[in-house]
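Residue numbers (this note's numbering): 3 to 226.
Ideal placement from N, C-alpha and C gives every residue a C-beta, glycine not left out.
In this text, all values refer to a predicted model and were calculated from it rather than measured experimentally.
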């Protein structure tokens, strides 16, 4: 195994041995977020010089959910619970050499353009192997998008020393009942794997509901 693969293997096994992992699921109607991107992608690129993707919307939704359920952003330290006063979002990136997880620092202070630029810079560094240790260290919560590879559903593993990870998946057109009628909608399953020693199922469900609410109606971000 390569050094990176050995390190990933060790961290994943440590995670499995340490946490009482449980995964809770929900589904999200992507119509509004996809329309937002479609309506503003040209103007966004013209103003900021970066493409408007879906990941920035999920980062903003995760920030909102972490602020609403701060226990998900906390960590167990011995007999204590440490509540972090910052939100650093780790983004799982698959590379030819293996999985790396660079960190978007202070995501709660960033707008869509700053998040997209940060993701682009870190993704390029991940793929050319130039990420520094500091750029991968820390992080208080992780987002993993298996949907880019076609994953319909998965149970992601917590990235220690964090306490939870959000899994995104493929967007699939499915029949949904809207206002009493069956219509096709672009749907995504989302999964939250969390340390059940720290986070109760109720809090996990509320967290995913906040993600769902924000993604399905991004205007809610104006209230945060």
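Sheet register partners of residue i (DSSP bridge)
i           : result
residue 3   : Note: residue 3 sits in no beta bridge, so no partner.
residue 31  : 189
residue 108 : The partner list for residue 108 (beta bridge, DSSP) is empty, contrary to what the question assumes.
residue 97  : 100
residue 173 : 190
residue 229 : Outside the displayed span of the chain (3 to 226) sits residue 229, for which this structure offers no information.
residue 183 : 180
residue 166 : 196
residue 23  : 197
Distance between beta carbons of residue j and residue i, contact taken as under 8 Å
i           : j           : result
residue 89  : residue 121 : About 15 Å separates the two Cβ atoms, so there is no contact after all.
residue 195 : residue 23  : 6 Å
residue 91  : residue 64  : 6 Å
Assigned exposure category for residue i - 16 Cβ within 10 Å defines buried
i           : result
residue 145 : buried
residue 62  : buried
residue 11  : exposed
residue 217 : buried
residue 191 : buried
residue 2   : As displayed, the chain neither begins before 3 nor continues past 226, which places residue 2 out of reach and without an answer.
residue 219 : exposed
First through last residue of the beta strand (DSSP E) which encompasses residue i
i           : result
residue 82  : 82-84
residue 115 : Looking at the DSSP string, residue 115 is not in any beta strand (DSSP E); the run it does join, the alpha helix (DSSP H), is 114-130.
residue 147 : 143-147
residue 65  : That residue, residue 65, is in no beta strand (DSSP E); its alpha helix (DSSP H) goes 57-70.
residue 217 : That residue, residue 217, is in no beta strand (DSSP E); its alpha helix (DSSP H) goes 203-218.
residue 79  : 77-79
Terminal residues of the alpha helix (DSSP H) in which residue i lies
i           : result
residue 89  : Taken as a continuous stretch (DSSP letters only), residue 89 belongs to no alpha helix (DSSP H), as it is neither H nor E.
residue 160 : Premise fails: residue 160 is in no alpha helix (DSSP H) and is neither H nor E.
residue 135 : 135-138
Is the region 93-108 touching the region 131-141, taking contact as three or more C-beta pairs under 8 Å? yes
Taking contact to mean 3 or more Cβ pairs, one atom from each stretch, closer than 8 Å, check whether the region 61-77 and the region 200-210 are in contact. Yes, since at least three Cβ pairs between the region 61-77 and the region 200-210 fall closer than 8 Å, the two stretches touch.
Contact between the region 28-38 and the region 3-20 (3+ Cβ pairs under 8 Å): no
Quick one: any contact between the region 161-173 and the region 73-83, if contact means 3 or more CB pairs under 8 Å? yes
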